[in-house]
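In what follows, a structure is listed as structure tokens, so that the remarks can point back to it.
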Amino acid sequence: MKKPGIAPGDITSDQMDIAAELADAYSFGELRVTHEQNLVLADVEQRQLFALWQEAKAAGFATPNIGLLTDMIVCPGGDFCDLANARSIPVANAVQARFDDLDYLWDIGDIELNFSGCMNSCGHHHVGNIGILGVDKGNEEWYQITLGGEQGNDARLGKVIGPSFAAADVPDVIEKIVRFYIAQRFDDERFIDTFRRLGADPFKLAVYGDKARLKAAA
Ligand code: SF4
Numbered sequence: 270m271k272k273p274g275i276a277p278g279d280i281t282s283d284q285m286d287i288a289a290e291l292a293d294a295y296s297f298g299e300l301r302v303t304h305e306q307n308l309v310l311a312d313v314e315q316r317q318l319f320a321l322w323q324e325a326k327a328a329g330f331a332t333p334n335i336g337l338l339t340d341m342i343v344c345p346g347g348d349f350c351d352l353a354n355a356r357s358i359p360v361a362n363a364v365q366a367r368f369d370d371l372d373y374l375w376d377i378g379d380i381e382l383n384f385s386g387c388m389n390s391c392g393h394h395h396v397g398n399i400g401i402l403g404v405d406k407g408n409e410e411w412y413q414i415t416l417g418g419e420q421g422n423d424a425r426l427g428k429v430i431g432p433s434f435a436a437a438d439v440p441d442v443i444e445k446i447v448r449f450y451i452a453q454r455f456d457d458e459r460f461i462d463t464f465r466r467l468g469a470d471p472f473k474l475a476v477y478g479d480k481a482r483l484k485a486a487a
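Counting from 270, one number per residue, gives the positions in the sequence shown under our numbering.
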């Protein structure tokens with residue numbers, strides 16, 4: 270449910286009907302909604318997978334980006350939530366548009382990008398390998414970036430890398446982080462493992478340039 274250009278996790282009422290029909294036809298009527306904003310049909314016969322995939326794809330599901338950068342968790346943010354400090358959906362869509370090459374996404378590999386529109390953290394930004402948090406500064410929308418969060422058995426909270434960014438800068442920042450990771454990783458090393466091996470400082474330098482170096486030296 271992470272088709273680029275659509276609010277992540279969003280589906281239409283017609284798609285909901287189709288998802289229910291697919292669950293009835295292929296998975297004993299069982300359909301699970303994940304906190305990662307996807308749907309799981311948990312009990313599908315292997316020989317029916319291809320037919321299911323064809324029907325799901327025709328209905329606008331089955332975007333092949335599970336676990337990749339554009340399979341991000343994004344809260345409704347300022348477009349729909351009264352508690353928001355900033356919008357999340359248009360900024361998330363801008364990041365998706367920047368990373369629109371599926372080959373490149375597969376080359377980047379497993380990575381979790383989570384996005385919340387305020388500190389209530391419905392988008393689980395704290396535990397994203399890359400987290401984005403919308404903040405309000407002087408009635409303007411800004412975005413704070415955290416790195417190093419992880420969910421699961423080895424869960425940990427990400428750390429803020431520095432001053433926040435304007436919405437228009439967020440895709441550039443994510444791209445700098447990803448490019449630095451690709452330049453530094455060992456063969457099949459995941460983003461989070463490269464981050465843990467190197468620590469936050471070189472990533473800060475990749476994002477802020479000499480400003481980070483000056484601050485570290487101060
Ligand atoms: S994180 Fe904040 S803006 Fe996003 S849905 Fe939760 S309360 Fe609303």
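The beta-carbon is built from N, C-alpha and C at its ideal position, and this holds for glycine as well.
Measuring only from the beta carbon, is residue i closer than 8 Å to any heavy atom that is part of the ligand SF4?
i	result
residue 390	yes
residue 277	no
residue 362	no
residue 383	no
residue 353	yes
residue 357	yes
residue 345	yes
residue 386	yes
residue 400	no
residue 403	yes
In the DSSP assignment, find the unbroken beta strand (DSSP E) run with residue i in it and report its ends.
i	result
residue 383	382-385
residue 415	409-416
Can you tell me which of the three DSSP states residue i falls into?
i	result
residue 272	coil
residue 287	helix
residue 356	coil
residue 399	strand
residue 377	helix
residue 466	helix
residue 349	coil
residue 486	Because the pLDDT of residue 486 is 47, which lies under 50, any placement of that residue in the model is unreliable, and the number read from its coordinates should be weighed accordingly. Residue 486: helix per DSSP, three-state reduction.
residue 280	coil
residue 489	Any property of residue 489 remains undetermined from this structure, which presents the chain solely from 270 to 487.
residue 405	strand
At which residues does the alpha helix (DSSP H) containing residue i begin and terminate?
i	result
residue 442	439-453
residue 470	469-477
residue 319	318-327
residue 423	Run containing residue 423: none; DSSP gives neither H nor E here.
residue 370	Per DSSP, residue 370 belongs to no alpha helix (DSSP H) and is neither H nor E.
contact_flag[the segment 337-352, the segment 276-290] where n(CB pairs < 8 Å) is 3 or more: yes
Cβ pair count under 8 Å reaching 3, the segment 308-315 against the segment 370-377: As far as the Cβ criterion goes, the segment 308-315 does not touch the segment 370-377, which means the pair count is below three.
contact_flag[the segment 456-476, the segment 382-390] where n(CB pairs < 8 Å) is 3 or more: The way I'd put it, the segment 456-476 doesn't touch the segment 382-390; fewer than three beta-carbon pairs between them come closer than 8 Å.
Given 8 Å, three or more beta-carbon pairs between the segment 289-300 and the segment 319-326: yes
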